[in-house]
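First to last, the sequence lines map onto chains D and V.
For the first sequence, our numbering begins at 1 and goes up steadily by one.
For the second sequence, our numbering begins at 1 and goes up steadily by one.
Note that CB positions come from ideal geometry on N, CA and C, so glycine has one too.
Each remark here refers to the structure printed beneath this line.
Number of protein chains: 2
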Amino acid sequence: MSDLVEFRNLKYLIAVAEEGNITRAAKRLYLAQPSLSTQMRGLEEALQVPLFIRDRNGVHATPAAEILITGGRELLKLRDGLIATARALHRVTFTPMRLGFSSFVDHALYEMVCSVHTSLFPECEIASRSGDNVELLLLLQKGEIDAALLALPISGSGFKTYPFTKSRLVVCMKSDDPLARLKEIAPAELQAKLTIFQEPKQHPEAHLRLMEMLDEVGIRGDVASKTTTPHNIQWMVESGQGYALVREGSEMHVGLVTRPVTGVTWTVDSALILGKSTSQKTVPGLIRELRKRLRLQVSPSSVSKPPRSVRPDIEDENLRLFA
Amino acid sequence: MSDLVEFRNLKYLIAVAEEGNITRAAKRLYLAQPSLSTQMRGLEEALQVPLFIRDRNGVHATPAAEILITGGRELLKLRDGLIATARALHRVTFTPMRLGFSSFVDHALYEMVCSVHTSLFPECEIASRSGDNVELLLLLQKGEIDAALLALPISGSGFKTYPFTKSRLVVCMKSDDPLARLKEIAPAELQAKLTIFQEPKQHPEAHLRLMEMLDEVGIRGDVASKTTTPHNIQWMVESGQGYALVREGSEMHVGLVTRPVTGVTWTVDSALILGKSTSQKTVPGLIRELRKRLRLQVSPSSVSKPPRSVRPDIEDENLRLFA
DNA sequence: TTTTGCCATAGGTACGAAGTATTGGACAGG
DNA sequence: CCTGTCCAATACTTCGTACCTATGGCAAAA
Chain D
1 MSDLVEFRNL KYLIAVAEEG NITRAAKRLY LAQPSLSTQM RGLEEALQVP LFIRDRNGVH
61 ATPAAEILIT GGRELLKLRD GLIATARALH RVTFTPMRLG FSSFVDHALY EMVCSVHTSL
121 FPECEIASRS GDNVELLLLL QKGEIDAALL ALPISGSGFK TYPFTKSRLV VCMKSDDPLA
181 RLKEIAPAEL QAKLTIFQEP KQHPEAHLRL MEMLDEVGIR GDVASKTTTP HNIQWMVESG
241 QGYALVREGS EMHVGLVTRP VTGVTWTVDS ALILGKSTSQ KTVPGLIREL RKRLRLQVSP
301 SSVSKPPRSV RPDIEDENLR LFA
Chain V
1 MSDLVEFRNL KYLIAVAEEG NITRAAKRLY LAQPSLSTQM RGLEEALQVP LFIRDRNGVH
61 ATPAAEILIT GGRELLKLRD GLIATARALH RVTFTPMRLG FSSFVDHALY EMVCSVHTSL
121 FPECEIASRS GDNVELLLLL QKGEIDAALL ALPISGSGFK TYPFTKSRLV VCMKSDDPLA
181 RLKEIAPAEL QAKLTIFQEP KQHPEAHLRL MEMLDEVGIR GDVASKTTTP HNIQWMVESG
241 QGYALVREGS EMHVGLVTRP VTGVTWTVDS ALILGKSTSQ KTVPGLIREL RKRLRLQVSP
301 SSVSKPPRSV RPDIEDENLR LFA
């Protein structure tokens, strides 16, 4: 009978009780609301004890549930301690997680990955390494880093690739630009003014693809200015050297605005790429957790797939990335 | 990270350590050995801690595992206590489980069902009721019992049926009978001597089916003597009134033997039948546990059965049961 | 040798926990 | 009074994984 109650159930119960609201608790647990609803009902069913009084604006724990909650908190804490000591006893020393990231990957994404990693493996350090795609792929190849956050597409196959959500590319311009008064920009308007790009050598495949996309709507890619970081790009736009394409939702300097381009949806993917033969044991756990939180998906090499819908709270936190 | 360790894992770990042998522990847990093997390996993987030293004749817990084991025992005990108090608080009173069983169902089976039930729901009494199939089905129909152990097939549809054992029918005769020297009895030999049967009214469908089966091998069912319990049947055989068919492996009076019939495999199924609308809340848990336990019943005593025969087929009301 | 008693691996099934899409109830604001 | 919002619950579908069977390898016992 008590085998029907696992730690997971206690965790869910506690979250629901603390939020007083299943929807909110589901968000906190990175679950969908109906899943949590059925879990709670299942628990009541299994124990043959009503756990919540439901009313119009949420749920409220019954006394029996309160018992489970306080006891459950205790149990969860004990479990964590127990595991920690067992692990400590065996003196598990992690080799640091060597994580690369390209400067064209959203910093928030990088930080989220790091924070997930350290929350899962507090004892494991992260050795970061930044660079452009070409460099990082080489490091992955040589086994000098364990994983990297890169923009797709990537060359070379055989890398395990976990693409994150797509985000649109929009035009970045000065807010006093005449076109800034429009809600959308026609592709033709970009001709000759879209001149600021990331240094092509940093990511030849992505650059090539971008040029193709521009070509498809009749714009000649006119790479007048090249630079290496998103910040530099914004500075160059500020100084009036032309327009640039940036990720929708990325943080903008004051005096700059972004506008979508009519009729096209250019998107960019960020992805977590694994080294071919990593000895880093934290990788599977990391992937697992990221998948749960971000709906990350696997793809054999670099073919992008339609993403499933994004978690609402992730949208809120502006974690929509190049896709 | 600790979310990868559930109570289930601790339970398994403890069992393995206590037995010092995965195979034996698996048996105790009603699992298959490879399942438990992979569970243990998964746990080691998840924790990144070796838990067992494996050698030729078993496994032996590492110090880290010992920590988990003692702590795990504690946690499991706490969980049970916690659930008990939570339930107590809500003053859950079970209505007794009203269980019927026909006298033609193996008594060991009945006892197993009862013991599983009380081990799952110690607070819930069992109100037993015996009778013949017809009576018991009527009681189920009227909702006066919650479930019954019966021999299939059953008449009347809409009953949820969980068949579990298939056992062969063999001929029961006196050990000094001339035919008793043979290892098997030819069907023709039974003609006119197979005369002792269960009272047909007790289970008309089963009786009818039996007559059909006899007919298929050219024996006319010649019901000379009728009786109501397996014991009585044996007495009648003892007193020389003829042969009878009994369940293979059932306990025999001294002076009686059983012999299989050449070329045929008559079997009889026992099943747990549920009342149409039971309010008995223990039923789902009971079913669940019985399924788990009886699946493993490959070894005990009988010839190779199709192991999945234990699996209840909910759609299947009857018919495939005698085979 | 063969047999026996372990555990591990491989491959498949099935059940449960997760998902999406949608409904229904209970307000609150226009 | 409707309509939009905010809940939870329902009705599906999908996917992960715990479990199964079958088989293999490896020692020690027969």
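Could you spell out where the beta strand (DSSP E) holding residue i opens and where it closes?
{"i": "Q33 (chain D)", "result": "Q33 (chain D) -> not in any beta strand (DSSP E); alpha helix (DSSP H) instead, spanning 33-47."}
{"i": "G131 (chain V)", "result": "126-131"}
{"i": "T227 (chain D)", "result": "225-227"}
{"i": "S270 (chain V)", "result": "267-274"}
{"i": "L179 (chain V)", "result": "Careful: L179 (chain V) lies outside any beta strand (DSSP E) and carries neither H nor E."}
{"i": "F52 (chain D)", "result": "52-55"}
{"i": "R30 (chain V)", "result": "According to the sequence displayed, residue 30 (chain V) carries Tyr and not Arg. Looking at the DSSP string, Y30 (chain V) is not in any beta strand (DSSP E), and its letter there is neither H nor E."}
Hey, out of the options, whose CA is closest to residue i's CA?
{"i": "R259 (chain D)", "options": "D:E45, D:P187, D:L10, D:L139", "result": "D:P187"}
{"i": "N9 (chain V)", "options": "D:L10, D:E6, D:K11", "result": "D:E6"}
{"i": "T282 (chain V)", "options": "V:L149, V:T93, V:L256", "result": "V:T93"}
{"i": "E44 (chain D)", "options": "D:L13, D:S35, D:E18, D:R56", "result": "D:L13"}
{"i": "G81 (chain V)", "options": "D:R56, D:F121, D:S2", "result": "D:S2"}
{"i": "P153 (chain D)", "options": "D:K142, D:H207, D:A192", "result": "D:H207"}
{"i": "R209 (chain V)", "options": "V:W266, V:K226, V:V261, V:A64", "result": "V:W266"}
{"i": "M97 (chain D)", "options": "D:T23, D:L214, D:E144, D:K183", "result": "D:E144"}
{"i": "F104 (chain V)", "options": "V:V268, V:E212, V:G275, V:R288", "result": "V:V268"}
{"i": "T70 (chain V)", "options": "V:C114, V:Y110, V:R41, V:A17", "result": "V:A17"}
{"i": "Q241 (chain V)", "options": "V:L194, V:L179, V:E199, V:Q202", "result": "V:L194"}
{"i": "L214 (chain D)", "options": "D:T228, D:S225, D:A192, D:T229", "result": "D:A192"}
{"i": "E205 (chain D)", "options": "D:L120, D:L137, D:G100, D:A108", "result": "D:L137"}
{"i": "K77 (chain V)", "options": "V:A46, V:V134, V:R91, V:K11", "result": "V:K11"}
Could you spell out where the alpha helix (DSSP H) holding residue i opens and where it closes?
{"i": "T84 (chain D)", "result": "Note that residue 84 (chain D) corresponds to Ala in the displayed sequence, not to Thr. Where A84 (chain D) is concerned, the enclosing alpha helix (DSSP H) stretches over 63-89."}
{"i": "G100 (chain V)", "result": "Segment 97-102 is the beta strand (DSSP E) holding G100 (chain V); no alpha helix (DSSP H) there."}
{"i": "Q198 (chain V)", "result": "Q198 (chain V) -> not in any alpha helix (DSSP H); beta strand (DSSP E) instead, spanning 194-198."}
{"i": "D215 (chain V)", "result": "204-216"}
{"i": "V237 (chain V)", "result": "230-238"}
{"i": "A188 (chain D)", "result": "187-190"}
{"i": "V113 (chain D)", "result": "107-120"}
{"i": "R8 (chain V)", "result": "7-19"}
What's the gap between the Cα of residue i and the Cα of residue j?
{"i": "E86 (chain V)", "j": "L4 (chain V)", "result": "Here residue 86 (chain V) is Ala; the residue named in the question, Glu, does not match the sequence. Using only the alpha carbons, I get a separation of about 25 angstroms."}
{"i": "S302 (chain V)", "j": "S250 (chain V)", "result": "Caution applies to S302 (chain V), whose pLDDT of 29 falls short of 50 and renders its modelled position unreliable; the model cannot decide the point."}
{"i": "L36 (chain V)", "j": "Q39 (chain D)", "result": "26 angstroms"}
{"i": "N21 (chain D)", "j": "L29 (chain D)", "result": "12 angstroms"}
{"i": "L294 (chain D)", "j": "I83 (chain D)", "result": "26 angstroms"}
{"i": "E19 (chain D)", "j": "H60 (chain D)", "result": "9 angstroms"}
{"i": "S155 (chain V)", "j": "T278 (chain V)", "result": "19 angstroms"}
{"i": "A26 (chain V)", "j": "R79 (chain V)", "result": "22 angstroms"}
{"i": "V264 (chain D)", "j": "H203 (chain D)", "result": "22 angstroms"}
{"i": "R41 (chain D)", "j": "P63 (chain D)", "result": "17 angstroms"}
{"i": "G275 (chain D)", "j": "A88 (chain D)", "result": "28 angstroms"}
{"i": "E66 (chain V)", "j": "L75 (chain D)", "result": "19 angstroms"}
{"i": "I53 (chain V)", "j": "I273 (chain D)", "result": "35 angstroms"}
{"i": "L149 (chain D)", "j": "L68 (chain V)", "result": "36 angstroms"}
{"i": "V116 (chain D)", "j": "T228 (chain D)", "result": "28 angstroms"}
{"i": "Q368 (chain V)", "j": "S119 (chain V)", "result": "Outside the displayed range of chain V (1 to 323) lies residue 368 (chain V), so it cannot be described from this structure."}
{"i": "C114 (chain D)", "j": "L139 (chain D)", "result": "19 angstroms"}
{"i": "M252 (chain D)", "j": "Q33 (chain V)", "result": "59 angstroms"}
Kindly list the residues whose CB is nearer than 8 angstroms to the CB of residue i, restricted to its own chain and excluding five residues on each side of it in sequence; keep chain order.
{"i": "L256 (chain V)", "result": "C172, M173, K174, S175, Q234, V237, E238"}
{"i": "D106 (chain V)", "result": "T165, S167, R247, S250, S270"}
{"i": "V223 (chain D)", "result": "T195, F197, P200"}
{"i": "E184 (chain V)", "result": "R259, P260, V261, T262"}
Going by beta carbon distance, what residues of the same chain come within less than 6 angstroms of residue i, once the five residues before and after it are set aside?
{"i": "L245 (chain D)", "result": "L169"}
{"i": "L190 (chain D)", "result": "I219"}
{"i": "Y243 (chain V)", "result": "V171, M173, K193, L194"}
Which same chain residues end up closer than 7 angstroms to residue i when comparing Cβ atoms and leaving out the 5 residues on each side of it in sequence?
{"i": "V217 (chain V)", "result": "P187, V264"}
{"i": "G58 (chain D)", "result": "G20, N21"}
{"i": "V49 (chain V)", "result": "A64"}
{"i": "D132 (chain D)", "result": "S102, Q202, H203"}
{"i": "Q280 (chain V)", "result": "T95, M97, D146"}
{"i": "E123 (chain D)", "result": "F94"}
{"i": "R73 (chain V)", "result": "I14"}
{"i": "H231 (chain V)", "result": "none"}
Exercise for the section: Could you run through the stretch 2-20 of chain D and flag, in chain order, every residue whose CB is less than 8 angstroms away from some CB of chain V? Expected result: S2, D3, L4, V5, E6, F7, R8, K11
Practice task
For the stretch 82-100 of chain D, enumerate the residues whose C-beta is nearer than 9 angstroms to any C-beta of chain V, in chain order.
Solution key: L82, I83, A84, T85, A86, R87, A88, L89, H90, V92, F94
Exercise for the section: Using a Cβ-Cβ cut-off of less than 9 angstroms, list which residues of the stretch 272-284 of chain D approach chain V; keep chain order. Expected result: K281, T282, P284
Exercise for the section: Report the residues of the stretch 55-70 of chain V with a CB closer than 8 angstroms to any CB of chain D, ordered along the chain. Expected result: T62, P63, A64, A65, I67, L68
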